[in-house]
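Q:
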Amino acid sequence: MSGKPAARVTDPTACPLPGHGTNPIVSGSPDVLFDGLPAARQGDPTACGSALVGNLVANVFIDGLPVATLGSTGSHGNVVVGGSGTVIIGNTHAAAAFTTPLAVPM
Numbered sequence: 001m002s003g004k005p006a007a008r009v010t011d012p013t014a015c016p017l018p019g020h021g022t023n024p025i026v027s028g029s030p031d032v033l034f035d036g037l038p039a040a041r042q043g044d045p046t047a048c049g050s051a052l053v054g055n056l057v058a059n060v061f062i063d064g065l066p067v068a069t070l071g072s073t074g075s076h077g078n079v080v081v082g083g084s085g086t087v088i089i090g091n092t093h094a095a096a097a098f099t100t101p102l103a104v105p106m
């Protein structure tokens with residue numbers, strides 16, 4: 001898959017630590033919103049005290065930090081299990097086909 005749903009504050013994570021269960025991302029970017037919710041980035045915390053640290057998008061940065069998506073992982077081994085239905089972010093790209101520019105009438 002070339003892209004994954006962007007993770008945001010309130011999106012759920014599933015934590016394997018005893019007693020933690022499913023809990024939301026609780027903090028994100030103060031500057032970038034996806035669907036009206038702050039975007040989740042490297043180091044942003046979840047309600048169980050974990051920080052997002054793995055499976056981040058290496059080539060997309062928000063506030064200088066790699067962005068989190070569905071499947072990103074936290075320091076407790078938790079996994080982001082929900083995300084935006086409208087914002088898809090990926091690590092791969094395809095170059096657009098070259099089109100010869102047209103002359104502009106003057």
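Read in order, the letters of the sequence shown are residues 1 to 106 in full-length UniProt numbering. For every residue, glycine included, the Cβ atom is placed at its ideal position computed from N, Cα and C. Since the structure is predicted, the reported quantities are computational estimates derived from the model, not experimental observations.
The beta strand (DSSP E) spanning Cys-48 covers which residue range?
A: Sequence index remark: in the sequence shown, residue 48 carries index 48 (1-based). From DSSP, Cys-48 is part of no beta strand (DSSP E); its letter is neither H nor E.
Q: Taking 7 Å as the threshold (C-beta atoms), are Ser-72 and Leu-52 in contact?
A: Residue 52 sits at position 52 when you count from the first residue of the sequence shown. Residue 72 sits at position 72 when you count from the first residue of the sequence shown. Contact: yes.
Q: Residues in its own chain within less than 7 Å of Leu-56 by CB, not counting five upstream and five downstream?
A: Mapped onto the sequence shown, residue 56 falls at position 56. These residues qualify, in order along the chain: Gln-42, Pro-66, Val-67, Ala-68 and Ser-72.
Q: Helix, strand or coil for Thr-73, going by three-state DSSP, please let me know.
A: Taking the first residue of the sequence shown as position 1, residue 73 is located at position 73. Strand at Thr-73.
Q: Starting from the C-beta of Leu-70, find all residues in its chain whose C-beta is less than 6 Å away, skip the five residues before and the five after it, and write them out in chain order.
A: Here residue 70 refers to the residue found at position 70 of the sequence shown. The residues are Lys-4, Pro-5, Val-80 and Gly-83.
Q: Compare the C-alpha of Gly-77 against each of Ser-50, Thr-10, Val-32 and Pro-38 and name the closest.
A: Here residue 77 refers to the residue found at position 77 when the sequence shown is read from its first residue. Closest by alpha carbon: Ser-50.
Q: Do you know offhand how far Ser-75's Cα is from Val-9's?
A: Position 75 of the sequence shown holds residue 75. Position 9 of the sequence shown holds residue 9. Roughly 17 Å between the two C-alpha positions.
Q: Are the CB atoms of Ala-14 and Ala-40 nearer to each other than 7 Å?
A: Here residue 14 refers to the residue found at position 14 of the sequence shown. Here residue 40 refers to the residue found at position 40 of the sequence shown. It is not a contact, given that the beta carbons lie outside the stated cut-off.
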